[in-house]
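Enquirer: I have a structure here, written as structure tokens, and I will follow up with some questions on it.
Residue numbers (this note's numbering), protein chains in the order written: chain A, 9 to 1008; chain B, 479 to 751.
Here's what the structure looks like:
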């Protein structure tokens, strides 16, 4: 029986959701809606009698104070009604919690064929609205065809008895699970299999795979289990393990690098080893605080004597581009499993985000799957629900806009955890699987989710096919699992844990079984969301919120008991062995039997040609620009630029204080609206220590040279940490590469060799910066296909590639968090200092972008000179003689002096002639000094009485007192070289201009 | 002084349990974080505790109205025990999701000795979104609330999407008359915000941020006192520290207003044990 309960806010209450819809309809589509009400629908397919339905309606679904509800359609008048529901198989979190509540209340379990489905309708009133407009709103604003379906009803089409006529979005797979044996008679045959099944096998891997399965010795042992040629499951396993995502083939590939300037060619045989692994291991030897790097799901550093912190960062780009909310929530919830699966598991303590999307007001001919504005809305909301519902503070984040991200937007998510250094007297960062350990899967169930990523999106969908390729993360299920696993960890109930992410069980079991050297899995034991999955699908499904755990048989009883107490589903699905074989059965029948070391069998390295042409020879040059006359207008226009202006609306939606350890918040200043340099938390509430965290993104510099993009990005992240009170003594890094495809193809990727050269140069810069500043790379990831093919105005397809992008995250452990410093100028009469030289380095700056030009002189980092300044600044912060400190970043000194002034709410007077400068790279005019983005600089304020001590410490360095903070007026006054005012703008005006672009 | 024992609920998507327990410890109690199922399955006895804390979080994902399913679960399995806990004169505090749960349980507002009726609600913020910001709260000195004795003002963060206090006019008048309105959102001069955003961050009726039952022993509030457990939690602390330094003073590391709430509760309980 199908019943539908409708619930809505009482008509006299303000409907904020409807108001937001109404506003967006007007802002984005210029469609004026008079009135909108939101109605929630809960469809039940189960045999409940009328009394039971009333109990469900009244006790669970309706708040008697604020809501009305009915078992038949609610009578809200409308001109148009839009109904939005999920496609079958899309994760419906409210439905799952409704099932839990109904089962608990009525003490009755849902049967497999029964279910709950939620949907929504909007009752819309408006003058002269036509169907086309309403359908636009349904399609472009309220739903995404990948996960949702919609219907539009005109008032005269509405049947008040049947309403939206909602049918359950039920998955029906009329399919008997099976596996296939595939003939691989020739390389071509295997290539065809790969193409048909979307295995994406590298052509060079194909002979190796065939040689393995055709090896007589292999065939002999396989024959014992009844297998000969490979099964689909085995090929899927190999495909997953050999993918660039899991194996990092690009970074481990061989690059032939030609420098066109010098004519020299060199071979880079393994970028990962040369530029990431080797320096990190060298630094690990020098720095006793580095606990565990390079092998686990995340890196581990020492926090204090009894606790270690854990960090990793990821991207979730492709899914977010198809379904922004689902992709982003899956991304943040997914990255949160990495610290949970690091060592013996850590407790999550913070997260951060980085969004790179196309131009926010784009109105050109290209049609990305989602407009940047809508994509950003969805992504912001996804991380909000994922982060907030995980109970983890989101303390830092950045958002930037660039046309290169129209092809594919970037969604960076970063996660930190903390764990006791020892668990049951064992080091917590070590873990192993042992023969005889049980393989346990905990958390969510397995469906067709995420199988082969987005390739499935081109398939035609029927009413009951699961929309499996796009997922919706479920932070609630994961939070329960998180709490359970920490309790199990502390009781010492398991010896190994890892998460199920890309590649699902294929990766998590496959990789963990390498440690014990074998496993036997009974696939029929894996709990499924719905019946009808083939074996290979169960094996590689990326269904979320699952962990794989190795439990000794002695502990399994207690483990399961604790799991039940926490309402978490856990299932034994097999055993780790030491047979050297990956052995998978389904109801006793073998469907995979391969050697654990198969993946080490001489697969060839990927090869790339890299050709570097200098910016000069690419035709870049400094623009011919005369000095501006109207600096005040220029200031205001700079502050209002999308990449500079306030994004408070994003930070405010994120709980950045849960767990009670907030020290430096994402927003600071008198009006609590200026982005701080870095965040600081107390992950251990009774400790004196603090954990500082920052990130930087400067992809624009890649237009000139990705080498300097990399060094400047790292330098900015480092300075941000220093500015809040961190030191170079403990500076950890996480590198997240996002690059356009670097494989050369004369037609499809004609500049592939250049992009490859940029990657090589960026890696060289990464090592140089890490060694210079002493930053071990605690973790890192790469996403190497940041390109999109968009349809243009004439139906042509246009390839759009992103700028080579590095998101660099930095961590710092601070000895005493009460010495933390924020960037707001604080007291009347304080002196303003600028540390670090300004050079003529406007190349790829925000200022040049405003002028519509790129230029040539990109900022360069002088590690040795900068380091001296950073150490001195750390020292004065430790001595508590610094009132405020701020790293000068995108937009240059002008923008950042304005931010310091706005944050302080006091007047600031600056004499530009006194700013430390270096003419080594060319003449310095007023605009150069104000908007050059030279690295290595800070704005610092101190009390007058500390002047001597301060200046003594910075003697011989680029450091000058450039002005003062004042309460005589509330303006930013900047005098030019001749002593005449260049800028005299009220701080309130600056703030208004800066807040305006996203104010609503 | 007798040992005051506080129980902080965990599980099913709740969070804030670590810092809430920490706050109780700072306030002098011993605090235990207990999974809801441990109470439901009678592995832990509620009666062994003096203070029950419903903390923040997203219980059951808050998918059907914040705190609704949590209230249902507790009512279903522990209903009578909760009522007798209150009847015995023990203390209950609900913070954010916990406040939402208390009003859905009916433990608040508890008028006419009815601790089961749902008569007030915390619904979606007028701003249409989850919001994390610090608010200034005006304390009601006439309130019987044992947790807020002597507190005329306090700053604390709110972090919620559903914090708008709603009830009917008649009931509101009774709550006001009974001094059951404990905290109101206020402006920088500690005058009620009169609905002005963002001082009143959610559009709550009469700027209501927290209420208690007529006895003052059951207290619910949307702001998070446990998130102000150290002076450095306050958004202005670095400016405050700098200003004090110029006067030759240093940051006061005594009890924060957040911890005072817990301490008032613990001291009250200790005084009657």
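All residues carry an ideal CB built from backbone N, CA and C; glycine is no exception.
Along chain B, which residues have their Cβ under 7 Å away from the Cβ of residue 112 of chain A?
Expert: Start at 1 with the first residue of the first chain, and residue 112 of chain A comes out as number 104. The answer, in chain order, is 551 and 554.
Enquirer: Is there a Cβ of chain A sitting closer than 8 Å to that of residue 717 of chain B, yes or no?
Expert: Residue numbering aside, residue 717 of chain B sits at position 239 when the second chain is read from its first letter. So yes, residue 717 of chain B belongs to the interface.
Enquirer: Locate the beta strand (DSSP E) running through residue 490 of chain B, then write down its first and last residues.
Expert: Within the second chain, numbered from 1, the residue matching residue 490 of chain B stands at position 12. Run containing residue 490 of chain B: none; DSSP gives neither H nor E here.
Enquirer: Flag residue 597 of chain B as yes if its beta-carbon sits less than 8 Å from any beta-carbon of chain A, otherwise no.
Expert: Stepping through the second chain from its first residue, residue 597 of chain B is reached at position 119. For residue 597 of chain B, the answer is yes, since a Cβ of chain A falls inside 8 Å of its Cβ.
Enquirer: Among A:211, A:98, A:197 and A:940, whose alpha-carbon lies nearest the alpha-carbon of residue 155 of chain A?
Expert: Along the first chain, one-based indexing puts residue 155 of chain A at 147. Minimum Cα distance to residue 155 of chain A is reached at A:98.
Enquirer: Measure the C-alpha to C-alpha separation of residue 548 of chain B and residue 571 of chain B and round it to an integer number of angstroms.
Expert: For the purposes of this step, residue 548 of chain B is taken as the residue at position 70 of the second chain. For the purposes of this step, residue 571 of chain B is taken as the residue at position 93 of the second chain. Rounded to the nearest angstrom, the two C-alpha atoms are 15 Å apart.
Enquirer: So, under 8 Å CB-CB, residue 896 of chain A and residue 945 of chain A are touching, yes? Tell me the CB distance rounded to an integer number of Å.
Expert: Residue 896 of chain A sits at position 888 when you count from the first residue of the first chain. Residue 945 of chain A sits at position 937 when you count from the first residue of the first chain. Correct: roughly 4 Å between the Cβ atoms.
Enquirer: Is residue 156 of chain A close to chain B, meaning its C-beta is less than 8 Å from at least one C-beta of that chain?
Expert: Translated into positions along the first chain, residue 156 of chain A becomes position 148. So, not an interface residue.
Enquirer: Which residues in chain B have a C-beta closer than 8 Å to the C-beta of residue 663 of chain A? List them in chain order.
Expert: Your numbering for residue 663 of chain A matches position 655 in the first chain. Near residue 663 of chain A (Cβ distances below 8 Å), the residues of chain B are 608, 610 and 637.
Enquirer: Scan the region 507–520 of chain B for residues whose Cβ lies nearer than 8 Å to a Cβ of chain A and list them as they occur along the chain.
Expert: Those would be 513, 515, 516 and 519, in chain order.
Enquirer: If we count the other Cβ atoms within 10 Å of its Cβ and call it buried at 16 or more, is residue 605 of chain B buried or exposed?
Expert: By 1-based counting over the second chain, the position of residue 605 of chain B is 127. Label assigned to residue 605 of chain B: buried.
Enquirer: In the region 565–585 of chain A, which residues sit with their C-beta less than 9 Å from some C-beta in chain B, listed in chain order?
Expert: For the region 565–585 of chain A, which is checked against every Cβ of chain B, the residues closer than 9 Å are 572, 573, 574 and 575.
Enquirer: Under a CB-based cut-off of 8 Å, is residue 724 of chain B close to chain A?
Expert: In the second chain, residue 724 of chain B corresponds to position 246, counting from 1. Answer yes: the Cβ-Cβ gap between residue 724 of chain B and chain A drops below 8 Å somewhere.
Enquirer: If we call anything under 8 Å between Cβ atoms a contact, is residue 710 of chain B one with residue 825 of chain A?
Expert: Translated into the one-based positions of the second chain, residue 710 of chain B becomes position 232. Translated into the one-based positions of the first chain, residue 825 of chain A becomes position 817. Taking 8 Å as the Cβ cut-off, residue 710 of chain B and residue 825 of chain A qualify as a contacting pair.
Enquirer: Using a Cβ-Cβ distance under 8 Å, would residue 123 of chain A count as near chain B?
Expert: Sequence index remark: in the first chain, residue 123 of chain A carries index 115 (1-based). Not an interface residue.
Enquirer: Under DSSP, the alpha helix (DSSP H) around residue 274 of chain A begins and ends at which residues?
Expert: By 1-based counting over the first chain, the position of residue 274 of chain A is 266. Per DSSP, residue 274 of chain A belongs to no alpha helix (DSSP H); it is in the beta strand (DSSP E), 273–276.
Enquirer: Are the C-beta of residue 687 of chain B and some C-beta of chain A separated by less than 8 Å?
Expert: One-based indexing of the second chain puts residue 687 of chain B at position 209. So, not an interface residue.
Enquirer: Based on DSSP bridge pairs, tell me the residues matched to residue 582 of chain A.
Expert: Start at 1 with the first residue of the first chain, and residue 582 of chain A comes out as number 574. Residue 582 of chain A is bridged to A:447 and A:529.
Enquirer: So residue 484 of chain A is in the alpha helix (DSSP H); what residue range does that whole segment cover?
Expert: What you label residue 484 of chain A is simply residue 476 of the first chain in a count that begins at 1. Looking at the DSSP string, the run of the alpha helix (DSSP H) that includes residue 484 of chain A is 483–498.
Enquirer: Expressed to the nearest angstrom, what Euclidean distance is found between the alpha-carbon atoms of residue 739 of chain B and residue 527 of chain A?
Expert: For this step, residue 739 of chain B is matched to residue 261 along the second chain. For this step, residue 527 of chain A is matched to residue 519 along the first chain. Whole-angstrom Cα-Cα distance: 55 Å.
Enquirer: Would you say residue 505 of chain B lies against chain A (beta-carbon separation less than 8 Å)?
Expert: Walking along the second chain from the start, residue 505 of chain B turns up at place 27. Taking Cβ atoms only, chain A never reaches closer than 8 Å to residue 505 of chain B, which makes this a no.
Enquirer: List in chain order: all unbroken alpha helix (DSSP H) runs of 4+ residues lying wholly within the region 848–915 of chain A.
Expert: As far as the region 848–915 of chain A is concerned, its whole alpha helix (DSSP H) runs of at least 4 residues are 854–858, 871–886 and 900–912.
Enquirer: For residue 83 of chain A and residue 42 of chain A, I'd like the C-alpha separation in whole angstroms.
Expert: Taking the first residue of the first chain as position 1, residue 83 of chain A is located at position 75. Taking the first residue of the first chain as position 1, residue 42 of chain A is located at position 34. Distance between the alpha carbons of residue 83 of chain A and residue 42 of chain A is about 18 Å.
Enquirer: Mind reading off the beta-carbon distance from residue 864 of chain A to residue 635 of chain A? Whole number of angstroms is fine, and I expect it under 8 Å.
Expert: Translated into positions along the first chain, residue 864 of chain A becomes position 856. Translated into positions along the first chain, residue 635 of chain A becomes position 627. Wrong, their Cβ atoms sit about 19 Å apart, outside the cutoff.
Enquirer: Leaving out the 5 sequence neighbours to the left and right, which residues in its chain are closer than 7 Å to residue 515 of chain B when beta-carbon positions are compared?
Expert: Along the second chain, one-based indexing puts residue 515 of chain B at 37. Excluding residues within five positions, the ones whose Cβ falls inside 7 Å are 489.
Enquirer: Counting only Cβ-Cβ distances shorter than 9 Å, please list the residues of the region 51–79 of chain A near chain B, keeping chain order.
Expert: Here the close residues are 67, 68, 69, 70, 71, 72, 73, 74 and 75.
Enquirer: According to DSSP, which residues form a beta bridge with residue 795 of chain A?
Expert: Working through the first chain from its first residue, we reach residue 795 of chain A at position 787. According to DSSP, residue 795 of chain A bridges with A:809.
Enquirer: DSSP has residue 708 of chain B in a bridge; who is on the other side?
Expert: Within the second chain, numbered from 1, the residue matching residue 708 of chain B stands at position 230. Looking at the DSSP assignment, residue 708 of chain B forms no beta bridge with any residue, so it has no partner.
Enquirer: Could one say the Cβ of residue 462 of chain A lies closer than 8 Å to chain B's Cβ atoms, at least one of them?
Expert: Here residue 462 of chain A refers to the residue found at position 454 of the first chain. Since pLDDT at residue 462 of chain A reaches only 36, below the 50 mark, its modelled position is unreliable, and no value is offered.
Enquirer: Alpha carbon to alpha carbon, how far is residue 285 of chain A from residue 302 of chain A?
Expert: The residue labelled residue 285 of chain A in the question sits at position 277 within the first chain. The residue labelled residue 302 of chain A in the question sits at position 294 within the first chain. In a straight line, the C-alpha of residue 285 of chain A is about 7 Å away from that of residue 302 of chain A.
Enquirer: Applying the criterion that 16 or more other CB atoms from any shown protein chain within 10 Å of the CB defines a buried residue, is residue 574 of chain A buried or exposed?
Expert: Translated into positions along the first chain, residue 574 of chain A becomes position 566. Per the 10 Å Cβ criterion, buried.
Enquirer: In angstroms with no decimal places, state the Cα-to-Cα distance between residue 479 of chain A and residue 385 of chain A.
Expert: Taking the first chain and counting its residues from 1, the one referred to as residue 479 of chain A is at position 471. Taking the first chain and counting its residues from 1, the one referred to as residue 385 of chain A is at position 377. Answer to the nearest angstrom: the Cα atoms are 18 Å apart.
Enquirer: Does any C-beta atom of chain B lie closer than 8 Å to the C-beta of residue 826 of chain A?
Expert: The residue you call residue 826 of chain A lines up with position 818 of the first chain. Chain B, which has a Cβ nearer than 8 Å to the Cβ of residue 826 of chain A, makes this yes.
Enquirer: From A:149, A:160 and A:309, pick the residue whose C-alpha is nearest to that of residue 129 of chain A; which is it?
Expert: Position 121 of the first chain, counted from the start, is the residue given in the question as residue 129 of chain A. The option with the nearest alpha carbon to residue 129 of chain A is A:160.
Enquirer: Identify, in the order they occur along the chain, each residue of the same chain with its Cβ nearer than 6 Å to the Cβ of residue 3 of chain A, setting aside the five sequence neighbours on each side.
Expert: Within the shown structure, residues of chain A are numbered from 9 to 1008, placing residue 3 of chain A beyond reach of any answer.
Enquirer: When the Cα atoms are used, what is the spatial distance from residue 989 of chain A to residue 829 of chain A?
Expert: Within the first chain, the letter at position 981 stands for residue 989 of chain A. Within the first chain, the letter at position 821 stands for residue 829 of chain A. Each residue's alpha carbon lies about 30 Å from the other.
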